[in-house]
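One structure is given below, encoded as structure tokens.
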Amino acid sequence: MCGRLSQYSGIHDFVAALSMPNALANSVGDLPLERYNVAPSTQVALLHLQGDLLHAGLVRWGWRPHWAKDRAPPINARVEKVAHGLFFRAIWPNRAITPINNWFEWVDEGGPKKKPYLIRRRDGAPVLCAAIGQLPDSDEGPGEHDGFVIITADSAGGMVDIHGQRPVVLMPDLAREWLDPATPKERAEQIAKRAKLS
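Quick note on numbering: this note's numbering labels position 107 of the sequence shown as 97, and the sequence is numbered without any gaps.
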């Protein structure tokens, strides 16, 4: 996952893929998102639960703790370290889903530029990526330090680039469990480590 993804479906298409009965608090809008080359540090549609409401909002892709001002906000967090590392400790409990249509991997094929490959589900269904972040509060609204990272399975390699990263992709039942604040942290870690791309 080289830092580019697509979100061109409407938020209701992404929510339907989750099959969640929860009421939706939608601040994204009802029209298709029509974003085909989304870059880090831009606003990305994100789903998270707060109470019994499923929130759909735009959140900056990238996050760093307040004490790490000397580095750029990372956009990914390695599943092997995210649950126990100091850097992401504060946001590990704040689980979300980044629903996407596809992502891109770049491969060096010996030419002057790397070649991009589009990766999507075979059946065309939305890709539900596990994410964590400092998420907007429904009562207070978006905050200056809000942001999120997509959890990646680095050791598995990319789908095309064996040296790359792939997002942790969850099937709808695991995505619902991932989002549920009642899911224990240990179970969330287990979900992230065992998820497979479908």
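Cβ coordinates follow ideal geometry from the N, Cα and C atoms, glycine included.
State buried or exposed for residue i, treating a residue as buried only when at least 16 other CB atoms are found within 10 Å of its CB.
{"i": "Glu134", "result": "exposed"}
{"i": "Asn27", "result": "exposed"}
{"i": "Leu37", "result": "buried"}
{"i": "Thr32", "result": "exposed"}
{"i": "Gly123", "result": "buried"}
{"i": "Arg50", "result": "buried"}
{"i": "Arg184", "result": "exposed"}
{"i": "Gly114", "result": "exposed"}
How many whole angstroms separate the CB atoms of residue i and residue j, which I take to be in contact at a CB cut-off of 8 Å?
{"i": "Val159", "j": "Leu118", "result": "6 Å"}
{"i": "Val5", "j": "Ala46", "result": "7 Å"}
{"i": "Val154", "j": "Glu95", "result": "In the sequence under discussion, the amino acid at residue 154 is Gly, which differs from the Val named in the question. Between Glu95 and Gly154 the Cβ distance is about 5 Å, and since that is below 8 Å, they are a contact."}
{"i": "Ala29", "j": "Gly(-7)", "result": "7 Å"}
{"i": "Ala143", "j": "Val69", "result": "5 Å"}
{"i": "Asn84", "j": "Leu43", "result": "Not confirmed; about 15 Å, so no contact."}
Give me whichever residues DSSP pairs with residue i in a beta bridge.
{"i": "Val159", "result": "Cys119"}
{"i": "Thr88", "result": "Cys119"}
{"i": "Val28", "result": "Leu(-5)"}
{"i": "Arg50", "result": "Gln33"}
{"i": "Glu70", "result": "DSSP lists no partner for Glu70."}
{"i": "Asn189", "result": "Residue 189 is absent from the structure shown; the chain starts at -9 and stops at 188."}
CB-CB under 7 Å to residue i, same chain, minus the five flanking residues each way: which ones, in chain order?
{"i": "Glu167", "result": "Thr173 and Ile181"}
{"i": "Leu75", "result": "It should be noted that the sequence gives Gly, not Leu, for residue 75. Excluding residues within five positions, none has a Cβ falling inside 7 Å."}
{"i": "Ala121", "result": "Leu36, Ala86, Ile87, Thr88, Phe138, Val139, Ile140 and Ile141"}
Within its chain, find whatever has a CB closer than 8 Å to the CB of residue i; leave out the 5 residues flanking it on each side and keep chain order.
{"i": "Val18", "result": "Ile1, Ala35, Ala46, Gly47 and Leu48"}
{"i": "Leu39", "result": "Asn12, His45, Leu169, Asp170 and Pro171"}
{"i": "Leu23", "result": "Gln(-3), Tyr(-2), Ser(-1), Gly0, Ile1 and Ala35"}
What do you reckon, is the C-beta of residue i under 7 Å from a heavy atom of the ligand MN?
{"i": "Gln40", "result": "The ligand MN is not part of the structure shown, which contains no ligands of any sort."}
For residue i, collect the residues of the same chain with a Cβ closer than 6 Å to its Cβ; drop the 5 residues on either side in sequence, then sort them by chain order.
{"i": "Arg110", "result": "Asn92"}
{"i": "Leu164", "result": "Ile181"}
{"i": "Ser9", "result": "Pro162"}
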